[in-house]
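**Student:** In full-length UniProt numbering, the protein residues as written are 1 to 210.
Glycine is no exception: its CB is placed at the ideal position from the N, C-alpha and C atoms.
Here you go, one structure.
Okay, structure coming up:
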């Protein structure tokens, strides 16, 4: 057994250890809309359910290197609404496109070739191509760490509405085996069921971003 203080590790080493020890992690595909009406998309692997009463979930959104908030967080703070769309194997290439950094006035649905569908409880559209979409109302934000790269904001949202493809449900609810869910394993490795694959891009998901 090797025992090591996290204080002795740099930011990349800590990230590697956490991603290797906590896996697989579901890949949430979060859609938001700015107050000016521009749609944004962001995949997030630091994501989890919180509880069922109230139905709620949480994810963390890191700061940019310059200490500013990412568009996803800006939009959620200003509108109080976001959607968590289920990431599946058929759309993973488009999710990757949307993970790149675009300006706040760029519609990322258009860039990724995905279809926005008006939501019920707020301005953020949900993704037509995703089989399950959970509309959320912002409950809390919690800053963790400094306002710099490596620091983050934990976002907790209450699930207020859901959209589910009819092909994925039966009398017992959502049929998980039909979803082709994608999870992040570690580094640039992802998994969908027994299939594992890598998405290699130092400009987007590689360690160079850290």
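Can you check which of these residues, 115, 179, 140, 104, is closest to residue 60 by C-alpha distance?
**Tutor:** Nearest C-alpha to residue 60: 140.
**Student:** Need the endpoints of the beta strand (DSSP E) that residue 66 sits in, please.
**Tutor:** It is not in any beta strand (DSSP E) - residue 66 carries neither H nor E in the DSSP assignment.
**Student:** List in chain order: all unbroken alpha helix (DSSP H) runs of 4+ residues lying wholly within the UniProt domain "Flavin reductase like" (21-175).
**Tutor:** Within the UniProt domain "Flavin reductase like" (21-175), the complete alpha helix (DSSP H) runs of at least 4 residues are 71-79, 92-98, 108-112.
**Student:** Going by C-alpha to C-alpha distance, which of 83, 26, 31 sits closest to residue 234?
**Tutor:** Since the first residue of the chain shown is 1 and the last is 210, residue 234 is not available in this structure.
**Student:** Could you check if residue 129 belongs to the surroundings of the ligand GTP, using beta carbon to heavy atom distance under 7 Å?
**Tutor:** The ligand GTP is absent from the structure shown, which contains no ligand whatsoever.
**Student:** Taking only the alpha-carbon atoms, compute the straight-line gap between residue 31 and residue 159 and give it to the nearest angstrom.
**Tutor:** Distance between the alpha carbons of residue 31 and residue 159 is about 14 Å.
**Student:** Cβ of residue 104 within 8 Å of Cβ of residue 38?
**Tutor:** Yes. Within cutoff.
**Student:** Take residue 199 and list the residues in its own chain whose beta-carbon comes closer than 7 Å to its own, dropping the five residues that flank it on each side.
**Tutor:** Cβ neighbours of residue 199 beyond the five flanking positions: 96, 188, 190, 205.
**Student:** Which of the three DSSP states is assigned to residue 3 in this structure?
**Tutor:** Coil at residue 3, not helix or strand.
**Student:** Who are the Cβ neighbours of residue 209 in its own chain at under 7 Å, not counting the five residues just before and after it?
**Tutor:** Model confidence at residue 209 stands at a pLDDT of 49, short of 50, so the residue's coordinates are unreliable; what they give is reported in the following sentence. So the list is empty, once near-sequence residues are dropped.
**Student:** Suppose contacts are defined by Cβ-Cβ distances below 8 Å. Is residue 87 in contact with residue 29 by that definition?
**Tutor:** Yes, they are a contact pair.
**Student:** To the nearest angstrom, how far is the alpha carbon of residue 177 from that of residue 68?
**Tutor:** Their backbone Cα atoms lie some 39 Å apart in a straight line.
**Student:** Looking only at C-alpha atoms, which of 62, 143, 193 sits nearest to residue 11?
**Tutor:** The residue with the shortest Cα to Cα distance from residue 11 is 62.
**Student:** What span of residues does the beta strand (DSSP E) with residue 177 cover, start to end?
**Tutor:** Where residue 177 is concerned, there is no enclosing beta strand (DSSP E), given that its DSSP letter is neither H nor E.
**Student:** Taking its Cβ as the centre, do 16 or more other Cβ atoms sit within 10 Å of residue 116, making it buried, or is it exposed?
**Tutor:** Buried, since its Cβ has 16 or more Cβ neighbours within 10 Å.
**Student:** Taking the alpha carbon of residue 40 as the reference point, which residue from 75, 133, 153 has its own alpha carbon closest?
**Tutor:** Selected option, being the one with the closest Cα: 75.
**Student:** DSSP on residue 16, reduced to helix/strand/coil?
**Tutor:** Helix, per DSSP.
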